[in-house]
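In what follows, a structure is listed as structure tokens, so that the remarks can point back to it.
Chains as they are written, first to last, in my numbering: chain X, 241 to 545; chain A, 878 to 1356.
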């Protein structure tokens, strides 16, 4: 607009010269900016050479081997030592893995990038934008994993229910955890689940986890006798941790009585074998004492209760 | 009544208490090739076993039992209503609680001032059917079914249950007998109950039935010291003139077969490491003593005696002061050494090891002389030398093995069917597992009866304690 106003007052030649000068300045600025960016990129990226690529590969291989060795060592050691120390030793795995990965990434960045103060800021910004769009979920999981290391909603060796899955945490990775389910499947669950979903942890770093075994009997069954049998069954199971509380609770339903035996196995890993052992022994005793089972089983009520 | 206790005692010695397990007990467990028992002439080996089996109950253990019984009975006799009418004697599951207890009772019976009628539950194993325990206890102890509370006019009686572990089986029905005993104990104060039990079984009964709430004094047998073991084993040492010199103790270290050691280290690294650490610790100990002897000569005893005391102290340490374990490790540490004696000079030389001056003090025993082997000028003689006593390393055990071994310690001993009942598995599965554990020497079987191998007991005890089983404290730290 300003040029147009001046153009009415000044001679045409001068205007043409002015326009020429202005265009040439813009071109120079653009080329200057492009040149600056190119220089910055050059500064940021150091020279990529064959030896550097080899070095990077070597770093990656060594990091991979260290992680595998640490995994093997921690698992082997934790399974050999006394059970009390099993879970403690397993906690080293995620910390060591994260440390090795962090060091590897820093070494690789140091190899290929000139990490001056300005460059670090530039890279951080770039990565932030890239991650914000392309790797949002991945970044979220990694951050959740780091937070999880300190908040400990689950640890290696814990028995947890998360994302409709239940099992023992056998590995704590950068992005997620691996669960071994009772049917021996390995399920990978990203750490980001902890942001919005509940995590139910049965033993939170302890060796023992409570096992609840349910028994269904008819109304005619003598509750005192049933409770007495269930206590005796728990006391005589090879799996029971006798120093932890054993409790029988009962509730009444239209179809009969539901008894729950709450007790702890010596090792949380034995929970299913333990529940089976308790059930078999209890059923033998119920049969010996002719205790009646419910004749009609109201599924709707049982699920709602 | 003295006859009853004496008969029961003799029966226990004959039938149930066999100490030298490696060939008296389980034919599968044979001694290692270099051990004395495998090399001794059979008559000498028999004599060694006979002597070991004839050893009396350790005097210190007997004294503790005797004194505790006397004190508790005297208190109860004076004030039967105000004082507890029971005492519990706890021993290790591999020791024979019944034998130690009956030995103490026999002493009490010999004291005419203490004379009281005794009712003895003279079982040497648990009834095959655990549901009849209650009935059998009633019959054997002569307790009427309608036994009521407090009968003031009753004659004072000693009720003896030598091994409480034979009165229960860890199964739904197997604890009924103890329920009955638990009710019976406080019922009548004219009865004084003397109960023997293993420490593992007792911990279980404490947790499940709170049995301790019904009992009076609870006495645990003491851990034996090196001196206790030395005096207890002296009949064998003297009879065979066993040599305890430093050189003999470290014979294996000096003459170690490097290729055999290397093979062992590759095949069984844990065992090799354990062997090595035990050798090194014993060597360091004797070296420290040697330096001390040189620096303070007046404080030092003669070399043979201090070596012997070192040996027995070490034996007490590795056996956790348990007499049966110590006896087995003692016999296991003996080596049979051949010597040739020049008849003209009377000078003897050993064919097996280097000797220092102290070992020359070990005179070859005439009792182990093999008279039928002679050369023209030389006579072959043999002697027994004691090498470093070592505990065999515990083999690698699975979780399932630990459950089985805990069950054995809990009940002291079991048959296959009882073990299956106690573990809630089928006898076939248990039998497979038992055979595997027998092959690695962790358990022993004679006839139908299965027990843990006493030599592995100290380590097994700790292993179970570390793995959450209800064993109060690892042995050696509590006693």
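Virtual Cβ for every residue (Gly too), placed ideally from N, Cα, C. Bear in mind the structure is a predicted one, so any value in this text is a computation, not a measurement.
For residue 452 of chain X, the enclosing beta strand (DSSP E) starts and ends at 451-457.
Contacts between residue 1301 of chain A and chain X, judged by CB atoms closer than 8 Å, involve 477, 478, 517, 520, 521 in chain order. Spanning the alpha carbons of residue 1061 of chain A and residue 1006 of chain A requires a straight line of approximately 21 Å. Between the alpha carbons of residue 1117 of chain A and residue 1196 of chain A lies a gap of roughly 22 Å. Not a single C-beta of chain X is nearer than 8 Å to the C-beta of residue 1297 of chain A.
For a Cβ distance threshold of 7 Å, residue set 1345 of chain A lies close to residue 481 of chain X, ordered along the chain. With 16 or more other Cβ atoms inside 10 Å of its own Cβ, residue 1264 of chain A counts as buried. Shown here for residue 1207 of chain A: same chain residues with a beta carbon closer than 7 Å to its own, the five before and five after excluded, namely 1110, 1192, 1266 in chain order. Taking a contact to require three or more Cβ pairs closer than 8 Å, the region 296-313 of chain X and the region 373-386 of chain X do not qualify as touching. At least 8 Å separates the CB of residue 395 of chain X from every CB of chain A. Annotation: the continuous alpha helix (DSSP H) that includes residue 1315 of chain A extends over 1304-1316. Between residue 1077 of chain A and residue 1282 of chain A, the gap from beta carbon to beta carbon reaches 8 Å or more. With a threshold of 16 other beta carbon atoms within 10 Å, residue 949 of chain A meets it and is buried. When X/490, X/428, X/455 are compared, the shortest CA-CA separation from residue 518 of chain X is found for X/455. When C-beta atoms of the region 444-455 of chain X are compared with those of the region 1272-1281 of chain A, fewer than three pairs fall below 8 Å, so the two segments do not count as touching. Beta-bridge annotation (DSSP): residue 441 of chain X is paired with X/400. Sorting A/959, A/940, A/1032, A/1055 by C-alpha distance to the C-alpha of residue 993 of chain A places A/1032 at the top. By the neighbour-count criterion, in which a residue is buried when 16 or more other Cβ atoms sit within 10 angstroms of its Cβ, residue 1045 of chain A is buried.
Contact check for residue 481 of chain X against residue 501 of chain X fails: the beta carbons are separated by 8 Å or more.
Counting only residues of its own chain and dropping the five nearest sequence neighbours on each side, residue 1051 of chain A has a CB closer than 6 Å to the CB of 1007, 1045. Close CB contacts of residue 1201 of chain A within its chain, under the 7 Å cut and outside five residues either way in sequence, are with 896, 971, 972, 1331 (chain order). For the options X/339, X/509, X/350, the alpha carbon positioned closest to that of residue 293 of chain X is the one of X/350. One thing to note: residue 488 of chain X has its Cβ no nearer than 8 Å to the Cβ of residue 525 of chain X.
Per DSSP, the beta bridge partners of residue 406 of chain X are X/401. Residues of the region 1274-1298 of chain A with a C-beta atom less than 8 Å from some C-beta of chain X are 1276, 1280, 1283, 1284, listed in chain order. Listed in chain order, the non-local C-beta contacts of residue 1059 of chain A below 8 Å within the same chain comprise 1086, 1088, 1091, local neighbours out to five positions each way being set aside. Counting the other CB atoms within 10 Å of its CB gives residue 330 of chain X a total of 16 or more, which places it among the buried residues.
Nearest CB-CB separation between residue 507 of chain X and chain A: below the 8 Å threshold. Of all residues in the region 420-451 of chain X, those with a C-beta nearer than 7 Å to a C-beta of chain A are 447, reading in chain order. Think of a sphere of 8 Å around the beta carbon of residue 473 of chain X: the chain A residues whose beta carbon falls inside it are 1049, in chain order. Only buried fits residue 998 of chain A, as 16 or more other CB atoms lie within 10 angstroms of its CB. The residues 498, in chain order, have a CB closer than 6 Å to that of residue 491 of chain X in the same chain once the five nearest residues on each side in sequence are set aside. Shown here, residue 1070 of chain A sits in a strand according to DSSP, grouped into three states. By the Cβ criterion, the region 402-421 of chain X is not in contact with the region 354-373 of chain X, since fewer than three pairs of Cβ atoms, one from each stretch, lie closer than 8 Å.
Within chain A, 1049 have C-beta atoms less than 7 Å from the C-beta of residue 525 of chain X, given in sequence order. Less than 8 Å divides the Cβ of residue 1213 of chain A from the Cβ of residue 917 of chain A.
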